[in-house]
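Residue numbers (the working numbering), protein chains in the order written: chain A, -1 to 351; chain B, 3 to 251; chain C, 1245 to 1422.
No residue lacks a Cβ here, since even glycine has one placed at the ideal position from N, Cα and C.
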């Protein structure tokens, strides 16, 4: 079908609908407002439900209810609202409920700013709420990738019975790029959604009673539950790492960057290569699980690494863990909604080689 | 031999874990009887709170979700929007509903969510060991109001049924009590009415049930039942606060 | 080829739309395009600007921080953005509303009296299309036909009647820099 020029936020919303999402619960916050706005328009057209909750806290708990009773469901927000959702995300992870949570990041901490940021990396990749858990985190670097990763997020969520975070920033949310949308399954049920016999849908005695729960008052039972969850996380970590490599084979310096910042890094790499500097890039597409293994492999040949982030240095911790002290890992970042400029990244490249 | 008394089908065989003399058990039974009476056990989905009733999913023989503290009405909203044809109820205490979950209950009612809330008001936080609740009476001693609840410091207790009944989305709101057989029978009628209201699609329905907490009140079960009548009922008047269901006057 | 274009003006001058039309036209010609608005409170009535990147290879940075071409529709935009234009770049400015002369000598400068031309055409609101026509005549990034197709797609059936005046404006703009 013909390409459409779509804003990132709207493309994510439409992709969710085409992934079979029929329930959306949200709350306004910049710079993600086009997602709930788009959903409020589209959901009634296709027999879905859009509901503006009284708070992010309520929205994530509506997600818990809808997911727990078997639906493909999504919510979206930005930093301050995502913080409020963390209680619910921990419950969702504990009760093993699939859903997709979109975070279009803005500058923090506190109320911060509404300009783009990647300051929620730690919050996203370390679970974010209380207790021992992780959730898959997908980081698109273009609008068309946001479309495909939204679909992937729903599939991962159902496959592993887990919340999945789609982590973009204000630029991904606001910019328009051409997208190829998947075919339009405007029927009520998702074609790819598996059956969910565990869901609370009304008990007629033909199966065990469905109880959606994260409470295990007996410590040994809770430890067994945690062990099972950790086994699941290990399975995700083994199977679901996604990343892209660009010009890494001959690279002296490898940049590690994700999301829109990887695009800025790509421009800097082109300029560096034009002046004879051998630079490549590993771009994590899943932030958790982090592509540690390919980075470790690259550390055998590259002389150094440089992470570029819109944060004070968060992903750099994971990069250093992956490199394991074998080679230096430098960091360049901007905060507060300031975006690294190509020329500044280029200057850091020149410093590092 | 004929059976003259039996456990409702909508209760499991699990032994209730509530304290001796607590009226949660009676209220559980009333909810289960209402579900049985309406013949909707297989179509009912319940939401358990955080509080003494946190294990409600062990006791109601229906599909259940356990919610975060205060969030049961939001969880129930999610369930009901996915399954508009099912009967969805929340079972919440006064700390859960009237303190941390005030936003969720008010907005669920304001939206006219077609769910039923059973609100058990025993004027104290039971599970955490007897702290002051928003419903604790002025002068009542709790572990966080050791000199008695001070009106100057913490204001007066919240009367939830009165507030909820003011919202246009509320179709049925009643306050009942479980402190003696006569009132238990009235409570049963109100709970059944609330579920019928949901089935009829009129809007949000809630029954507030005054309940005892002998353990944390520091009373015998009999003293506790009497205290409901002498101290709680005067501040929390019983009655139907709103009834927009079909056939209501 | 990669062209980085910055379009700036007051909110309400249609600068975001200019960028979107250019992007859609580029997309129709199978070019890589990316449109990025400024967002936030300044969207409402104050300053508005957007960056458009058009390229024949995958686009790196979506931000236009050092534009090859700047299209500046009001005085505050000229003050703010003239200094960041890439050396050897191009500046088009709306001389109907900007009474100052651009100071840079290392760039190509074109003055387009957009509002005056639009008023002569009978509709002051098409000043942005006059400028877009002038820009495209100079840059030659996309065909006039693609721009018109993008315009038709954007206006939709409901506003089809506005096509002729917009088309005239694009043509008049192109003529003004011929």
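Through-space distance from residue j to residue i, alpha-carbon basis
i                       : j                       : result
residue 79 of chain A   : residue 53 of chain A   : 8 Å
residue 1411 of chain C : residue 1392 of chain C : 7 Å
residue 232 of chain A  : residue 134 of chain A  : 11 Å
residue 161 of chain A  : residue 49 of chain B   : 20 Å
residue 123 of chain A  : residue 246 of chain B  : 49 Å
residue 205 of chain A  : residue 69 of chain A   : 19 Å
residue 21 of chain A   : residue 67 of chain A   : 12 Å
residue 311 of chain A  : residue 1321 of chain C : 34 Å
residue 120 of chain B  : residue 317 of chain A  : 52 Å
residue 76 of chain B   : residue 81 of chain A   : 18 Å
residue 151 of chain A  : residue 23 of chain A   : 17 Å
residue 1309 of chain C : residue 133 of chain B  : 58 Å
residue 2 of chain A    : residue 1292 of chain C : 24 Å
Assigned secondary structure, residue i (DSSP; H/G/I helix, E/B strand, else coil)
i                       : result
residue 99 of chain A   : strand
residue 243 of chain A  : strand
residue 1252 of chain C : strand
residue 56 of chain A   : helix
residue 64 of chain B   : coil
residue 1288 of chain C : Caution applies to residue 1288 of chain C, whose pLDDT of 49 falls short of 50 and renders its modelled position unreliable; the value that the coordinates give is listed next. Coil, per DSSP.
residue 1301 of chain C : coil
residue 216 of chain B  : helix
residue 1414 of chain C : helix
residue 1403 of chain C : helix
residue 115 of chain B  : coil
residue 1247 of chain C : strand
residue 1341 of chain C : coil
residue 1380 of chain C : helix
residue 374 of chain A  : Missing from the structure shown is residue 374 of chain A; chain A here goes from -1 to 351 and no further.
Minimum Cβ-Cβ distance from residue i to chain A less than 8 Å
i                       : result
residue 65 of chain B   : yes
residue 44 of chain B   : yes
residue 1281 of chain C : yes
residue 47 of chain B   : yes
residue 68 of chain B   : yes
residue 35 of chain B   : no
residue 1288 of chain C : With a pLDDT of 49 at residue 1288 of chain C, under the threshold of 50, the modelled position of that residue is not reliable, and the figure given next carries that caveat. No, no contact with chain A.
residue 77 of chain B   : yes
residue 56 of chain B   : yes
residue 1245 of chain C : no
residue 59 of chain B   : yes
residue 73 of chain B   : yes
residue 1262 of chain C : no
residue 1304 of chain C : yes
residue 1277 of chain C : yes
residue 1443 of chain C : Any property of residue 1443 of chain C remains undetermined from this structure, which presents chain C solely from 1245 to 1422.
Short CB-CB distance (under 8 Å) between residue i and chain C
i                      : result
residue 258 of chain A : yes
residue 1 of chain A   : yes
residue 261 of chain A : yes
Within-8 Å CB hit, residue i to chain B
i                      : result
residue 209 of chain A : yes
residue 85 of chain A  : yes
residue 187 of chain A : Because the pLDDT at residue 187 of chain A is just 49, under 50, the model does not fix this residue reliably, and the value given afterwards should be weighed accordingly. So, not an interface residue.
residue 371 of chain A : No statement about residue 371 of chain A is possible, as the shown extent of chain A runs from -1 to 351 and does not include it.
residue 11 of chain A  : no
Contact between the stretch 27 to 35 of chain A and the stretch 124 to 139 of chain A (3+ Cβ pairs under 8 Å): no
Interfacial residues, the stretch 79 to 99 of chain B to chain A, with Cβ spacing under 7 Å: 79, 80, 81, 83, 84, 85 and 88
Touch test, the stretch 196 to 206 of chain B against the stretch 163 to 180 of chain B, Cβ-Cβ under 8 Å, three pairs minimum: yes
Residues of the stretch 16 to 32 of chain A with Cβ closer than 8 Å to any Cβ of chain C, in chain order: 28 and 29
Cβ pair count under 8 Å reaching 3, the stretch 1413 to 1422 of chain C against the stretch 1372 to 1383 of chain C: yes
Under 8 Å (Cβ pairs) to chain C, residues found in the stretch 162 to 182 of chain A: 168, 169, 172, 173, 174, 175 and 176
Interface positions of the stretch 46 to 60 of chain A facing chain B (Cβ-Cβ less than 9 Å), listed along the chain: 47, 49, 51, 52, 53, 55, 56, 57, 58, 59 and 60
Near-chain A residues of the stretch 100 to 123 of chain B (beta-carbon distance less than 7 Å), N- to C-terminal order: 105, 106 and 109
Cβ-based contacts, 9 Å cut-off: residues of the stretch 1306 to 1317 of chain C near chain A: 1306, 1307, 1309 and 1310
Residues of the stretch 263 to 290 of chain A whose Cβ lies closer than 7 Å to any Cβ of chain E, in chain order: The structure shown contains no chain E; the protein chains it does contain are A, B and C.
Interfacial residues, the stretch 1393 to 1417 of chain C to chain A, with Cβ spacing under 7 Å: none
Meets three-Cβ-pair contact criterion under 8 Å: the stretch 263 to 271 of chain A and the stretch 207 to 223 of chain A: no
Contact residues within the stretch 305 to 339 of chain A, judged by C-beta distance below 7 Å to chain C: The residues in question are 337 and 339.
Touching by the beta-carbon criterion (3+ pairs, under 8 Å), the stretch 230 to 243 of chain B and the stretch 1344 to 1353 of chain C: By the C-beta criterion, the stretch 230 to 243 of chain B is judged not to be in contact with the stretch 1344 to 1353 of chain C, since fewer than 3 inter-stretch pairs fall below 8 Å.
The stretch 216 to 225 of chain B touching the stretch 1266 to 1284 of chain C, judged by at least three CB pairs closer than 8 Å: no
Given 8 Å, three or more beta-carbon pairs between the stretch 1263 to 1281 of chain C and the stretch 1389 to 1406 of chain C: A contact exists between the stretch 1263 to 1281 of chain C and the stretch 1389 to 1406 of chain C.
Cβ contact (3+ pairs, closer than 8 Å) linking the stretch 158 to 166 of chain B and the stretch 88 to 108 of chain B: yes
Any 3 or more C-beta pairs closer than 8 Å across the stretch 246 to 261 of chain A and the stretch 293 to 313 of chain A: yes
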